[in-house]
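Numbering (our numbering), first residue to last: 5 to 214. Cβ atoms here follow ideal geometry from the backbone N, Cα and C, with glycine treated the same way. The structure presented is a predicted model; accordingly, all values stated were derived computationally and were not measured. What follows is one structure encoded as structure tokens, with my remarks underneath.
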Ligand code: HEM
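Structural data, given as structure tokens:
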């Protein structure tokens, strides 16, 4: 990722700390992807007034996550005639695209993955079919939503293993050091057997019964 960011054509605007002048620097993995549109107005103008969302957290923001993204990318199809017959108002308007996986069925995004081999994969990888590309984009968007996920899971596993060992050692230490020690409960005050015996003999002497 560092290498890809470093070689990215578009440099990131910054301010030269020495001169205070506006300048540019090489991209870092933490930078946003540069938008292909100059601003929101231009983005809407190019997309039937819909704003393409920032996809970096989309797998967290939509129910189904990666499965939703995969289904959306592979879900474009002809609108069923029966649907239009039953609900004429649902007919896909000009400039929108029918996709049963989108909440309101008609989506402003044109089908991005249209044919196999749209991108080239490095040798040794699976064939870039639409299905494979959709899976890979969805997996990539899971990564962008949580780049530290794998590291966190690995740390979590190490912590669980450590806790298991600690529990076993704790139990063995208990067996070794404390197991033979019986808990002694000593009654005090009026419950102390000595005091109770004294109280009984005092009562007897005084001739109190009961
Ligand atoms: C493989 C590349 C792409 C992926 C994975 C992708 C994914 C998505 C996703 C997940 C949404 C959100 C749908 C929702 O709100 O639930 C979306 C919306 C959108 N995308 Fe894409 N997209 C891609 C390429 C493109 C391209 C190339 C364009 C423009 C030419 C585009 C334009 C839009 C627009 C306009 C919306 C908003 C749709 C609406 O609200 O009706 N996308 N995209």
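Could one say the Cβ of residue 147 lies closer than 8 Å to chain B's Cβ atoms, at least one of them? You won't find chain B in this structure, because it holds only one protein chain.
Measuring from the CB of residue 113, is there a heavy atom of the ligand HEM at a distance below 7 Å? yes
Ignoring anything shorter than 3 residues or poking outside the region 59-88, list the beta strand (DSSP E) runs there in chain order. none
When we look at the beta-carbon of residue 63 and count the other beta-carbons within 10 Å, is it buried (16 or more) or exposed? buried
Got a sec: does the ligand HEM put a non-hydrogen atom nearer than 7 Å to the Cβ of residue 62? yes
Can you find the residues in the same chain that come closer than 8 Å, C-beta to C-beta, to residue 68, ignoring five residues on each side of it along the sequence? 75
Helix, strand or coil at residue 149 according to DSSP, with G and I counted as helix: helix
Which partner residues does residue 126 have in the DSSP bridge list? Per DSSP, none; premise fails for residue 126.
DSSP state of residue 197 mapped onto helix, strand, coil: helix
Regarding residue 106 and the ligand HEM, is the C-beta to nearest heavy atom distance less than 7 Å? yes
Does at least one heavy atom of the ligand HEM sit under 7 Å from the Cβ of residue 116? yes
Who pairs with residue 110 in a beta bridge, going by DSSP? 102
Since I believe residue 77 is in contact with residue 141 (beta carbons under 8 Å), could you give me their beta-carbon distance rounded to a whole number of angstroms? 7 Å
Residue 26 - DSSP class collapsed to helix/strand/coil: strand
Near residue 104, which residues of its chain fall below 8 Å by C-beta distance, leaving aside the five closest residues on each side in sequence? 79, 81
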